[in-house]
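Student: In UniProt numbering, the protein residues as written are 1 to 196. Virtual Cβ for every residue (Gly too), placed ideally from N, Cα, C. For clarity, every value in this text was computed on a predicted model and none was experimentally measured.
1) Keeping to the same chain, check which residues put their C-beta closer than 6 Å to that of residue 137; ignore five residues upstream and five downstream.
2) With distance defined between alpha-carbon atoms, name the residue in 62, 85, 124, 115 nearest to residue 104.
3) Rounded to the nearest angstrom, what separates residue 152 and residue 68 at their Cα positions?
4) Excluding the 5 residues flanking residue 122 on each side, which residues of the same chain have their C-beta closer than 7 Å to its C-beta?
5) At a cut of 8 Å, does the stretch 78–97 reach the stretch 108–119 through at least three beta carbon pairs?
6) Kindly give me the distance between the Cβ atoms of residue 158 and residue 135, rounded to whole angstroms, as I take these residues to be in contact under 8 Å.
7) In whole angstroms, what is the alpha-carbon distance linking residue 214 and residue 161?
8) Return the Cβ separation of residue 66 and residue 101 in integer angstroms, given the expectation that the two are a contact with Cβ distance under 8 Å.
9) Just the C-alpha distance for residue 87 and residue 28, rounded to the nearest angstrom, thanks.
10) Tell me the residue span of the alpha helix (DSSP H) that contains residue 115.
11) To the nearest whole angstrom, what separates the beta carbons of residue 124 and residue 130, a pair I think is in contact under 8 Å?
12) Compute the Euclidean distance between the alpha carbons of residue 205 and residue 40, then round it to the nearest angstrom.
13) So if DSSP puts residue 164 in a beta bridge, which residue, or which two residues, is it bridged to?
14) Mind checking residue 90: buried by the 16 CB within 10 Å criterion, or exposed?
15) Going by alpha carbons, who is nearest to residue 98 out of 133, 84, 70?
16) To the nearest angstrom, report how far apart residue 42 and residue 33 are at their CA atoms.
17) Across which residues does DSSP place residue 88 in a beta bridge pair?
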């Protein structure tokens, strides 16, 4: 059939363009389709959930999402925005998100401590078993003069291959800084109040 003979006919060259489309699928339809999918290894239907994290009650997909978001510098609101832009349902509630962050933080701190201990041992080995190391420190605060409550700092070895030996941070939400402030500043204010 010639494309010029009829106005209702479609040119074969245009047919590829008609099939080149983006299809938007509603998430519920996609999940119902996935629930009809058989696992190739165990030959069972997918139940619509992800496995739980070992030694925990959290779903693996949520822990992975939160760990990935943390590594990318996204907080809870950032995840909400990202998933909204991708037309995906929101993740766990804020309370559950915070609990999972604490769960992840325990492992991150343990790994961080082991890494810094190894860095100290490597620096000692590099200096010929001398246990007195020369250190260099650096920090950044939100305002000049180190008067901000927001800041980060780190200490480095000064060997040929420097290693980070320790890090710390502080913020308004830092409970340790708040506790130190309460222990040091509040009694001083009380003493001044009684003297005056």
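Tutor: Quick look at the numbers:
1) 155
2) 62
3) 22 Å
4) 163
5) no
6) 7 Å
7) Absent from the structure is residue 214, since the part of the chain shown begins at 1 and ends at 196.
8) 6 Å
9) 11 Å
10) 94–126
11) 7 Å
12) The structure shown does not extend to residue 205, since the chain is modelled only from 1 through 196, so no value can be given for it.
13) 156
14) exposed
15) 70
16) 18 Å
17) Partner(s): none; residue 88 has no beta bridge.
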